[in-house]
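A quick write-up on the structure given underneath.
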């Protein structure tokens, strides 16, 4: 079964690189957070608001995108360092790519490395990057059926964040339906509702990050 | 190079199945339209409005999703037939899956088969399903940077549709930036701006479909 063995070799190589990434960051006292969402859920905007609120210059960002360095440019003012990783046609970051990105960073004095994965609710789920925690991000305009449809992403999350709650009154979105769907797949992860734009709910998100960091 | 040869075998098998799908629909006088977008761009809502406007019961829909049959249920009232194709962990439909779906349909008397691909801006792009035309769908809440970031999708499109334009006044979205980015990658495809919810712009979209059908 050659197809299966190729896939399993790819994942084995990825997992070995992920373990090295994790050990490297652990040794430097850095916490790595892997953020996964559909395109346009607001990963970059969330980080633009999160990093200064945690402490200016205390976090670095690795940004995955097929093309362009637009997200890295948006984050350059608030992050200690940003590395844009262009995946070409790849729909997820790999641990090897993250290892190369980490090689560009000085980890000394950093609290967090945020990994903004390629906008995709499927491919990134299978690839451990060496993160300490995984965020599944959803936004109100995407609709209230996404947890049921992409349950693997939400199952594997350490925290589930609903962004753009400032649009809850404007768009059709059944919050109870989302809560019910989350209860079916993940009873472990907190469910944080926020708007990176209005600031609503950001305290809970920042509190979760601080608790993860242990201070 | 075993990895590359596996990928190329997969695509060869897909393309052969796609050619058969196309020939089958051609013989039945049916036009197939493959709709690709991120999760939550409004593919299902667009089809809910499109099909009755074209002619009740004149179109069938093949719906791809990792899990659930929610989209097929939403379309059951307006389509002549709907087939839900669950891909499990697969981030796109394949031509073989579409062939199986077509096997469930009676093509006699149909004008269109709409193929609602898995919500994903990357994976579906490489897989010809046997469609006659490909729609790249984007929605305002996803942001104005998506054409540059996912240019392969927009490059391969026969029409580019911007949905949820009723939110243009509410959300930050630079329409000129999107127009400029489209001009860089695709000068062939019309750019249709609409709101499946408010009905704005639907006439242009319906006109494009009718022209594709040749009547």
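Residue numbers (our numbering), protein chains in the order written: chain A, 39 to 253; chain B, 39 to 253. Built from N, CA and C at the ideal position, the CB exists for glycine as well. All of these numbers come straight from a predicted model, not from anything done at the bench.
Judged by pairs of C-beta atoms under 8 angstroms, the segment 231 to 244 of chain A touches the segment 84 to 97 of chain A, as three or more such pairs exist. Residue pairing for residue 171(B): DSSP places it in a beta bridge opposite 71(B).
Approximately 7 angstroms separates the beta-carbon atoms of residue 149(B) and residue 68(B); this is inside 8 angstroms, confirming the contact. For residue 216(A), the nearest beta carbon of chain B is not closer than 9 angstroms to its own beta carbon. The residue among 162(A), 109(A), 95(A) and 194(A) with its C-alpha nearest the C-alpha of residue 151(A) is 95(A).
Cβ neighbours of residue 243(B) within its own chain (closer than 6 angstroms, five residues either side excluded): 230 and 232. For residue 227(A), no beta strand (DSSP E) run applies, since DSSP gives it neither H nor E. Legend: CB atoms of the segment 104 to 130 of chain B lying less than 7 angstroms from CB atoms of chain A belong to residues 104, 105, 106, 108, 127 and 129.
Listed along chain A are 158 and 160, each with a C-beta nearer than 7 angstroms to that of residue 158(B).
With its beta carbon at least 9 angstroms from every one in chain B, residue 166(A) lies outside the interface. Taking each of 223(A), 205(A), 118(A) and 187(A) in turn and checking the Cα distance to residue 76(B), the smallest one comes out for 187(A). Residue 61(A) has its alpha-carbon roughly 46 angstroms from the corresponding atom of residue 221(B).
By DSSP's assignment, residue 103(A) forms a beta bridge with 124(A). At a cut-off of 9 angstroms between C-beta atoms, residue 236(A) does not count as an interface residue with respect to chain B. Straight through space, the alpha carbons of residue 192(B) and residue 52(B) are spaced by roughly 21 angstroms. What residue 184(B) touches in chain A, judged by beta-carbon distance under 8 angstroms, is 77 and 78, going in chain order. With its beta carbon less than 9 angstroms from one in chain A, residue 208(B) belongs to the interface.
Under the Cβ distance rule, residue 134(B) does not count among the residues neighbouring chain A, no pair being separated by less than 9 angstroms.
In this structure, the beta-carbon distance from residue 55(B) to residue 126(B) does not fall below 9 angstroms.
In the displayed model, residue 220(A) falls within a helix according to three-state DSSP. Against chain A, the CB of residue 233(B) has no partner CB under 9 angstroms away; the residue lies outside that interface.
Under the DSSP assignment, residue 208(B) falls outside any alpha helix (DSSP H); it carries neither an H nor an E label. Taking the beta carbon of residue 190(B) as reference, the chain A residues within 9 angstroms of it are 104, 105 and 127, listed in sequence order.
As the crow flies, the alpha-carbon of residue 107(A) is around 11 angstroms from that of residue 100(A). Of all residues in the segment 170 to 184 of chain B, only 176, 177, 178, 179, 180, 181, 183 and 184 come within less than 9 angstroms of chain A when Cβ atoms are compared, listed by chain position. Cβ contact annotation for residue 71(A) (same chain, cutoff 8 angstroms, sequence separation greater than five): 150, 151, 152, 153, 169, 170, 171, 172, 173, 247 and 250, in chain order. At a cut-off of 9 angstroms, the C-beta of residue 205(B) has a neighbouring C-beta in chain A. Looking from the CA of residue 73(A), the closest CA among 213(A), 124(A), 143(A) and 197(A) belongs to 197(A). Of the residues 223(B), 104(B), 123(B) and 116(B), the one whose Cα lies closest to the Cα of residue 139(B) is 123(B).
Here residue 98(B) is buried, its C-beta having at least 16 other C-beta atoms within 10 Å. The residues 197 and 246, in chain order, have a CB closer than 7 angstroms to that of residue 228(B) in the same chain once the five nearest residues on each side in sequence are set aside. Looking at 116(B), 165(B) and 59(B), the one whose alpha-carbon comes closest to that of residue 47(B) is 165(B). For residue 81(B), there are no C-beta contacts with chain A under 8 angstroms, since the nearest C-beta of that chain is about 11 angstroms from it. If you ignore the 5 residues before and after residue 223(B), its C-beta comes within less than 6 angstroms of the C-beta of 189, 192 and 193, all in its own chain and listed in chain order.
At the C-beta level, residue 78(A) and residue 177(B) come within 9 angstroms of one another.
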